[in-house]
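Chains as they are written, first to last, in my numbering: chain P, 1 to 113; chain H, 1001 to 1112. For glycine and all other residues, C-beta sits at the position ideal for the given N, C-alpha and C. Below: one structure, written as structure tokens.
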Amino acid sequence: DTGVSQNPRHKITKRGQNVTFRCDPISEHNRLYWYRQTLGQGPEFLTYFQNEAQLEKSRLLSDRFSAERPKGSFSTLEIQRTEQGDSAMYLCASSFRWGTEAFFGQGTRLTVV
Amino acid sequence: AQSVTQLDSQVPVFEEAPVELRCNYSSSVSVYLFWYVQYPNQGLQLLLKYLSGSTLVKGINGFEAEFNKSQTSFHLRKPSVHISDTAEYFCAAQGGSEKLVFGKGTKLTVNP
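Laid out in structure tokens, this is it:
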């Protein structure tokens, strides 16, 4: 078990470009979560998948953000037309079921210049 | 809606001193409560969790927390801290939905 893996670890992009992040959860975990963490704040929930179904989305997830989890395995988070305000750490987590530990990846740090 | 308030943004202590990091929550439903630790440029690691049962919960690295329903608190304690405990600590609540609601974090700095 290698834990939750996120790629890339760092991404610098120009404003207006599209970016895509990947998360590989722990293999037997059917729940996958995306959070965003800005400097000096706690992680904020973005969206949640149970298997391949996206069951909950935060109002923080504007129409420029889209997440997928095809076949209930890895997940991707895409941000279109990036803005400077999108600069943050994007964290992925997975868990086996509700109330059990959510294991977090090391995150992808996005910098929009 | 749930909310989590961490009352101290920064807590400096000397090595081997006791420490308490405070967390209060509000929720209209029953919640599960968690404490996570984050080292620089790392993801979050679970320290301990309260789901039900005994209100005193023991976690890793010598940490413990006490759930107090009447005061809606879940304070984290350690009787003797080490330099290696320097990190940011997050309290989180989960209830009514799958998402974790986090506080803003407390930066613990342990000085020699």
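- Distance from the CA of residue 1105 of chain H to the CA of residue 1074 of chain H, rounded to the nearest whole angstrom, comes to 14 Å.
- Taken in chain order, the members of the region 67-95 of chain P whose beta-carbon sits within less than 7 Å of a beta-carbon on chain H are 91.
- Along the length of the region 1007-1052 of chain H, whole beta strand (DSSP E) runs at least 3 residues long occupy 1010-1014, 1019-1021, 1023-1026, 1032-1038, 1044-1050, reported in chain order.
- At a cut-off of 8 Å between beta carbons, residue 1058 of chain H makes no contact with chain P.
- With a beta-carbon spacing of about 7 Å, residue 1101 of chain H and residue 1003 of chain H fall inside the 8 Å limit used to define contacts.
- Under the Cβ criterion (8 Å, minimum of three pairs), the region 1045-1052 of chain H does not count as touching the region 81-96 of chain P.
- Its chain contains 1024, 1025, 1026 as the residues whose beta carbon lies nearer than 7 Å to that of residue 1072 of chain H, once the 5 sequence neighbours on both sides are disregarded; these appear in chain order.
- Using a Cβ-Cβ cut-off of 8 Å, residue 1090 of chain H counts as an interface residue toward chain P, since at least one Cβ of chain P sits closer than that to its own.
- DSSP assignment within the region 55-95 of chain P yields the following whole beta strand (DSSP E) runs of 3 residues or more, N-terminal first: 65-68, 75-79, 88-95.
- In this structure, residue 48 of chain P and residue 31 of chain P form a Cβ contact; the two beta carbons are roughly 7 Å apart against a cut-off of 8 Å.
- Under DSSP, residue 113 of chain P shares a beta bridge with no residue.
- Beta-carbon to beta-carbon, residue 1078 of chain H and residue 1063 of chain H are separated by about 5 Å, close enough to satisfy the 8 Å threshold.
- CA-to-CA, the gap between residue 86 of chain P and residue 41 of chain P works out to about 14 Å.
- Between the alpha carbons of residue 1018 of chain H and residue 1097 of chain H lies a gap of roughly 35 Å.
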